[in-house]
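Let me begin by presenting the structure, written as structure tokens, before commenting on it.
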Amino acid sequence: MSGGLWTHLLSYLGTRSRNGGVYRKEEQSMKRQLISVVTCVLLSQSLMAQPSGPSDKGSPWTGTADQKLWGLITIWAQTKFAFPHRERLKEVGWDSTVQAFIPRVIETNDQESYYNTLMELIALLRDSHTEVIPPWGRFTPGFDIPPVEVKVIDDKFYIIRTGDAEEMEAQKVTPGTEILEVDGVPVRRLFQDNVLRYHTRGSKRATEAVGVFYLLYGPKGTRVQLTVRDIDEGIREVRLTRNATTGNRKPFMYTFVEHLMATTIEQLWPTDSILYVDLPNFEGTNKGIRDDFLDLIDTTDLTGIKGMIIDLRYNMGGSHNILHPIVSCLIDSPVQTPLDHYVEYAPALARWEKRDPFVLKTRNWEVKPRDGKRYRGPLVLLIGPMTHSSGEDMVIELSQSGRCVTIGERTAGGAGGRYSFPLPGGGEFSVSTFKATYPDGREYMTTGILPDVEVHQTLDDILEGTDRGLEQGIEVIQNWESIPPQHGER
Numbered sequence: 015m016s017g018g019l020w021t022h023l024l025s026y027l028g029t030r031s032r033n034g035g036v037y038r039k040e041e042q043s044m045k046r047q048l049i050s051v052v053t054c055v056l057l058s059q060s061l062m063a064q065p066s067g068p069s070d071k072g073s074p075w076t077g078t079a080d081q082k083l084w085g086l087i088t089i090w091a092q093t094k095f096a097f098p099h100r101e102r103l104k105e106v107g108w109d110s111t112v113q114a115f116i117p118r119v120i121e122t123n124d125q126e127s128y129y130n131t132l133m134e135l136i137a138l139l140r141d142s143h144t145e146v147i148p149p150w151g152r153f154t155p156g157f158d159i160p161p162v163e164v165k166v167i168d169d170k171f172y173i174i175r176t177g178d179a180e181e182m183e184a185q186k187v188t189p190g191t192e193i194l195e196v197d198g199v200p201v202r203r204l205f206q207d208n209v210l211r212y213h214t215r216g217s218k219r220a221t222e223a224v225g226v227f228y229l230l231y232g233p234k235g236t237r238v239q240l241t242v243r244d245i246d247e248g249i250r251e252v253r254l255t256r257n258a259t260t261g262n263r264k265p266f267m268y269t270f271v272e273h274l275m276a277t278t279i280e281q282l283w284p285t286d287s288i289l290y291v292d293l294p295n296f297e298g299t300n301k302g303i304r305d306d307f308l309d310l311i312d313t314t315d316l317t318g319i320k321g322m323i324i325d326l327r328y329n330m331g332g333s334h335n336i337l338h339p340i341v342s343c344l345i346d347s348p349v350q351t352p353l354d355h356y357v358e359y360a361p362a363l364a365r366w367e368k369r370d371p372f373v374l375k376t377r378n379w380e381v382k383p384r385d386g387k388r389y390r391g392p393l394v395l396l397i398g399p400m401t402h403s404s405g406e407d408m409v410i411e412l413s414q415s416g417r418c419v420t421i422g423e424r425t426a427g428g429a430g431g432r433y434s435f436p437l438p439g440g441g442e443f444s445v446s447t448f449k450a451t452y453p454d455g456r457e458y459m460t461t462g463i464l465p466d467v468e469v470h471q472t473l474d475d476i477l478e479g480t481d482r483g484l485e486q487g488i489e490v491i492q493n494w495e496s497i498p499p500q501h502g503e504r
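The opening position of the sequence shown corresponds to residue 15 in the working numbering, with each subsequent residue numbered one higher.
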């Protein structure tokens, strides 16, 4: 343990308020508990040698000081020794920042405030694969949203979809309605204080795209008051009930949630000779997505296809075991995966060579073409700020084929394998164990992958119900000979 953090832990409990020179009973107890906690911290480095994450689900919640501190120190130690973005640890001053959080963590009143404080700490690292998950998961039991989907466009908050609810119709809440205030608070300020403070997806665009789900989140059945601006510029108040998943109607879900839960691909033919395929996710349990795509290749007359459009705009990643069999159907020669950078801790180097004991190692591998039937024609990938992790791997891998054009918006810029540890009361801390770059070492973490053809959704697109990304993809394929594949940042 660093001397600074050790000293701060001891001094914090040694200089708390006194009554007539005598420590209060709880402070004396807290100091005794700290001895046990700090002793355990000295063993924390050995955890990194374990072949897999601990299986312990965490101790029952008691709310004692030593339990709260142990959770904080677990986060501090595992991040310090495993987090691959070493520059971000320096940027936030990891040790000193954790020190500043010690009194805040100890003084939390309940489990919810405790986990909120830990989530606030981790959000400072701006990494989509490093997170604190409370015992109740990412979605609070008994909470819901109104049946509306909100999107940030040009720094404004627009309703882009609504559910089939009488309340929406009665109050004339329609796509294109702009939200100005939530319960009397300016929407941007509320979003910053209640959402972005605790949730991150790495880049600003990715964090906003996903985090906006929590904007109107609250106890199920309660009503939220919105100040809105209609399309005709009129400003008024509406009150919406948080009941998206209740009632007799079909539950209303954000588009990205639908994609996360999807277990199969979606295919359609926007023209007679262009095949569109939506790959919703690459979750390791979703073998149906992989198998359905392989079956599509095997059973389709590929000679009649002028081009294929693969939609990754809501694909937030998953497993290479699902991704790479799909990629292997779309390449003619081996392609390189992104280059993974991971941390090895070698303190002997600090002593022998006077150098940083944290060493970044790298690895990657090839994806080879599938034996048998493969698609070898023009290929368009639709991408956006929710294209994330192994979704971005697919972009990097297929872009090496020389016959792929990417269309849409910058991707999320997030990759990393989660290594998980239990937190008090049944929560979990996951730390990213690697960062990824292009095979040649160029960065795309947080910056994202720039598409060959940029297409941004506008308010007019929402009002007209048009998909300009898809339309642009069709146009590119129809003019393939005159618009050869570009390579943007690749």
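In this text, a Cβ means the ideal position worked out from N, Cα and C, and glycines have one as well.
Quiz item: Hey, out of 457, 102, 357, 253, whose CA is closest to residue 376's CA?
Solution: Proximity to residue 376 across 457, 102, 357, 253 peaks at 357, based on C-alpha coordinates.
Quiz item: According to the Cβ coordinates, are residue 106 and residue 139 closer than 8 Å?
Solution: Yes.
Quiz prompt | As assigned by DSSP and simplified to three states, the class of residue 434 | solution = strand
Quiz prompt | Sequence-distant residues of its chain with Cβ nearer than 8 Å to residue 279 (five each side left out) | solution = 291, 292, 293, 294, 303, 306, 307, 310
Practice problem: Alpha carbon to alpha carbon, how far is residue 270 from residue 110? Give it in angstroms, no decimals. | Solution: 37 Å
Practice problem: Inspect the beta-carbon positions of residue 242 and residue 174 and report whether they are closer than 8 Å. | Solution: no
Quiz item: In angstroms, rounded to a whole number, what distance separates the CA positions of residue 397 and residue 95?
Solution: Approximately 33 Å between the Cα atoms of the pair.
Quiz prompt | Spatial distance of residue 236 from residue 479 (CA atoms) | solution = 31 Å
Practice problem: Give a yes or no on whether the C-beta atoms belonging to residue 381 and residue 333 are separated by under 8 Å. | Solution: no
Quiz item: For residue 177 versus residue 245, is the C-beta distance shorter than 8 Å?
Solution: no
Quiz prompt | Residue(s) in a DSSP beta bridge with residue 356 | solution = 375, 448
Quiz item: So what does DSSP say about residue 150, is it helix, strand or coil?
Solution: Coil, per DSSP.
Practice problem: Below 8 Å on the Cβ atoms is my guess for residue 378 versus residue 420; work out the distance and round it to an integer in Å. | Solution: In fact, because the Cβ distance is near 20 Å, the residues do not count as touching under 8 Å.
Quiz item: Among the residues of its own chain, which have a CB less than 8 Å from the CB of residue 469, if the five just before and after it don't count?
Solution: 421, 422, 423, 482, 483, 486
Exercise. Go to residue 406, then tell me how far its beta strand (DSSP E) extends in each direction, as first and last residue.
Key: First-last for residue 406: 404-412, but that is the alpha helix (DSSP H), not the beta strand (DSSP E).
Quiz item: Measuring CA to CA, which of 201, 254, 402 is closest to residue 224?
Solution: 402
Quiz item: Where residue 438 and residue 75 are concerned, what is the direct C-alpha to C-alpha distance, given to the nearest angstrom?
Solution: 6 Å
Quiz item: With respect to the alpha helix (DSSP H) encompassing residue 111, which residues constitute its N-terminal and C-terminal limits?
Solution: 108-120
Quiz item: Can you tell me whether residue 283 is buried or exposed, with buried defined as 16 or more other CB within 10 angstroms of its CB?
Solution: exposed
Quiz item: Is it right to say residue 327 is buried, meaning 16 or more other beta carbons lie within 10 angstroms of its own, or is it exposed?
Solution: buried
Quiz item: Does DSSP put residue 484 in a helix, in a strand, or in coil?
Solution: helix
Quiz item: So what does residue 301 bridge to, in DSSP terms?
Solution: DSSP, once it has assigned bridges, lists no residue as partnering residue 301.
Exercise. Starting from the Cα of residue 388, find the closest Cα among 214, 492, 313 and give me that residue.
Key: 313
Quiz item: Are the segment 151-158 and the segment 178-187 touching by the rule of at least three beta carbon pairs closer than 8 Å?
Solution: no
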